[in-house]
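Structure first, commentary second.
Number of protein chains: 2
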Amino acid sequence: MELTANKRDNILDASLILFAERGFDATTVPMIAEKAEVGAGTIYRYFDSKDALVNVLFQEYVKRFAAYMIKDYPDSSANPRSQFQHIFYGMIRFAKEHTNALYFIDVNCNARFLDDKSREVFQEMMAFLYSFVDHGKRQNIIRSLPSEALIAVVFGAFTRIYGLIRKGVIQETRELLADIEQSCWDAVRIHSD
Amino acid sequence: MELTANKRDNILDASLILFAERGFDATTVPMIAEKAEVGAGTIYRYFDSKDALVNVLFQEYVKRFAAYMIKDYPDSSANPRSQFQHIFYGMIRFAKEHTNALYFIDVNCNARFLDDKSREVFQEMMAFLYSFVDHGKRQNIIRSLPSEALIAVVFGAFTRIYGLIRKGVIQETRELLADIEQSCWDAVRIHSD
DNA sequence: CGATTCGGAATGAACGTTCATTCCGGCTAT
DNA sequence: ATAGCCGGAATGAACGTTCATTCCGAATCG
Chain A
69 MELTANKRDN ILDASLILFA ERGFDATTVP MIAEKAEVGA GTIYRYFDSK DALVNVLFQE
129 YVKRFAAYMI KDYPDSSANP RSQFQHIFYG MIRFAKEHTN ALYFIDVNCN ARFLDDKSRE
189 VFQEMMAFLY SFVDHGKRQN IIRSLPSEAL IAVVFGAFTR IYGLIRKGVI QETRELLADI
249 EQSCWDAVRI HSD
Chain B
69 MELTANKRDN ILDASLILFA ERGFDATTVP MIAEKAEVGA GTIYRYFDSK DALVNVLFQE
129 YVKRFAAYMI KDYPDSSANP RSQFQHIFYG MIRFAKEHTN ALYFIDVNCN ARFLDDKSRE
189 VFQEMMAFLY SFVDHGKRQN IIRSLPSEAL IAVVFGAFTR IYGLIRKGVI QETRELLADI
249 EQSCWDAVRI HSD
């Protein structure tokens with residue numbers, strides 16, 4: 069039982085690293101098998117196909133990502149500034165622990181191989197972000213731009229930064245992250261000056 | 069001669085669309101041939117390999133992108149605010165005319181299939197942006213974050229926005245673009261309030 | 001308690017398919 | 001007429017997937 073669960077996890081872990089490093093199409097099943105230290109056929113004991121595998125992986129991590137942001141989220145009586153901070157630090161915690169997963173989600177969230185379930189799980193996560201943005205816009209604290217655009221700005225900036233951290237170009241320090249958070253907030257908030 | 073140049077261009081145009089839509093690995097040479105309305109073998113009359121083709125395409129468009137930003141760039145006596153605006157509107161002009169190319173460059177600027185020349189051309193473009201950021205930091209107008217991070221924030225936000233425009237999720241209006249420009253500037257500048 | 005049987009998990013060689021690339025017969029333009 | 005460009009069938013490598021076989025621990029029997 070232990071070993072069984074372990075192999076499945078080994079396959080998922082190996083896939084995530086390879087998909088993040090090389091992309092889905094450039095990763096072959098034998099590559100995954102080698103990294104997971106299982107036979108190529110074993111992968112098909114746990115997953116119907118390479119496509120099914122990537123979808124399981126995607127859904128798994130999108131759900132976790134959403135959980136990081138939603139956990140202890142200040143309710144709608146809280147001010148947008150602290151809600152933003154909560155979401156952003158949730159993203160940071162996820163990114164710290166699952167840097168490859170963040171990159172994998174980011175690159176593949178519109179990929180052609182995603183099935184309906186994967187798209188649905190992703191949209192659920194986005195719906196949460198829309199509700200936050202709309203709340204802030206109603207209070208005249210967040211810029212009145214399309215919600216998609218505001219989310220794109222923050223998400224784009226954030227994933228890029230973690231791309232640089234992933235590659236070792238910049239160091240992930242508390243100060244840097246605090247500054248980036250402020251920078252992203254300044255991008256979406258309405259300014260008085 | 070006319071026809072010859074035309075075929076080469078057809079191949080490049082078809083490749084750009086397909087690489088942007090499906091990605092490099094999921095685009096086959098016969099697909100390119102069909103879209104370009106040439107035989108598969110003809111592609112190899114103009115390019116050594118699929119890899120060589122994608123590198124030519126990448127370098128071509130990175131150079132054009134850089135040209136859009138650098139043309140009429142205000143010299144270092146100008147203030148960073150107007151320099152930023154110039155760069156940003158250069159990016160917008162490029163993105164408007166070559167939306168697929170922007171997406172293609174963005175997604176593939178770290179791809180494993182890029183050769184030394186492609187990386188060099190890309191780095192040249194980045195060097196220009198570094199010099200702008202450093203200039204602004206020295207004048208205490210731009211946040212003292214790593215230049216890579218500041219560029220990533222703006223670039224990440226910008227390419228995401230054009231991703232949405234490309235997909236038709238949001239409309240590309242003069243007002244939206246002006247707001248996004250302001251939003252990105254607010255992300256990198258030092259605030260007085 | 002050791003020997004034997006058993007069943008499902010694991011394997012990797014082999015399969016059909018599809019890829020990037022080559023090659024050559026025919027077509028075009030002069 | 002013919003030189004050279006062109007197209008698409010041919011090719012071999014590599015892909016995702018399958019399946020006959022091996023392996024291994026638990027259950028059963030003597």
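Same order as they appear, the protein sequences are chains A and B.
Taking the numbering used here, I'd label the letters of the first sequence as residues 69 to 261.
Taking the numbering used here, I'd label the letters of the second sequence as residues 69 to 261.
Don't be surprised by glycine CBs; every beta carbon is placed ideally from N, CA and C.
Judged by DSSP secondary structure, A/C252 falls within the alpha helix (DSSP H) whose first and last residues are 242-256. The distance from the Cβ of A/L80 to that of A/L125 is about 6 Å, consistent with a contact at the 8 Å cut-off. Counting C-beta pairs closer than 8 Å gives fewer than three between the stretch 96-116 of chain A and the stretch 147-165 of chain A, which falls short of the contact rule. A distance below 7 Å separates the beta carbons of B/F200 and B/Q151. For B/V106, there is no enclosing alpha helix (DSSP H), as DSSP gives it neither H nor E. Put simply, of A/A104, A/R113, A/N147, A/K131 the residue whose alpha carbon is nearest the alpha carbon of A/R206 is A/N147. Looking at the DSSP output, B/I210 sits in a beta bridge with B/R257. Apart from sequence neighbours up to five positions away, the residues of its chain that approach A/R211 with a beta-carbon distance below 8 Å are K205, L218, V256, R257, I258, ordered along the chain. For the pair B/I233 and B/E240, the CB atoms are nearer than the 7 Å cut-off.
Taken atom to atom, the span from the alpha-carbon of A/I238 to that of B/Y198 is near 14 Å.
Annotation for A/V237: no alpha helix (DSSP H) segment contains it, and DSSP assigns it neither H nor E. Going by C-alpha positions, B/E243 is about 12 Å away from B/S251. A distance below 7 Å separates the beta carbons of B/Y230 and B/A163. A residue is called buried once 16 or more other Cβ atoms fall within 10 Å of its Cβ, and A/E105, having fewer, is exposed. The three-state reading of DSSP puts B/R187 in helix, counting H, G and I together. Per the coordinates, the alpha-carbon of B/F92 lies some 9 Å from the alpha-carbon of B/L84. From the beta-carbon of B/A120, no residue of chain A is found nearer than 9 Å; the closest lies around 18 Å away. Between B/Y141 and B/H154, the C-beta spacing is below 7 Å. Inter-residue distance for B/V175 and A/N208 is about 34 Å (C-alpha atoms, whole angstroms). Our two residues, B/S186 and B/M194, have alpha carbons roughly 13 Å apart in a direct line.
Residues A255, V256 of the same chain have their beta carbon placed closer than 7 Å to that of A/V221, with the five preceding and five following residues left out of the count. The criterion of a C-beta distance shorter than 7 Å is satisfied by A/H203 and A/S144. Put simply, the backbone Cα of B/E188 is about 11 Å away from that of B/C177. The Cβ of B/A225 sits closer than 7 Å to at least one Cβ of chain A. Relative to A/Y112, the option among A/E128, A/L86, A/K75, A/I138 whose CA is nearest is A/K75. Per the coordinates, the alpha-carbon of A/L86 lies some 9 Å from the alpha-carbon of A/A94. Distance from the CA of B/G109 to the CA of B/A134, rounded to the nearest whole angstrom, comes to 33 Å. With a cutoff of 7 Å on beta-carbon distance, A/A120 and A/F172 are scored as not near each other. For the C-beta of B/D93, the chain A residues within less than 7 Å are, from N- to C-terminus, G91, D93, A94.
Burial is judged here by how many other beta carbons sit within 10 angstroms of a residue's own beta carbon; A/S215 has at least 16 and is buried.
With respect to chain B, the C-beta atom of A/R187 has no partner C-beta closer than 7 Å. Taking a C-beta distance under 7 Å as the contact criterion, A/A225 and B/A225 qualify as a contact pair. When 9 Å is used as the limit between beta carbons, A/D247 is near these residues of chain B: R211, S212, L213, A217, in chain order. About 7 Å separates the CB atoms of B/R180 and A/R90; that is less than 8 Å, so the two are in contact. Nearest to A/E192 by alpha-carbon distance, out of A/L213, A/H166, A/R149, A/K131, is A/K131. The alpha-carbon of A/R149 is positioned some 24 Å away from that of A/F190.
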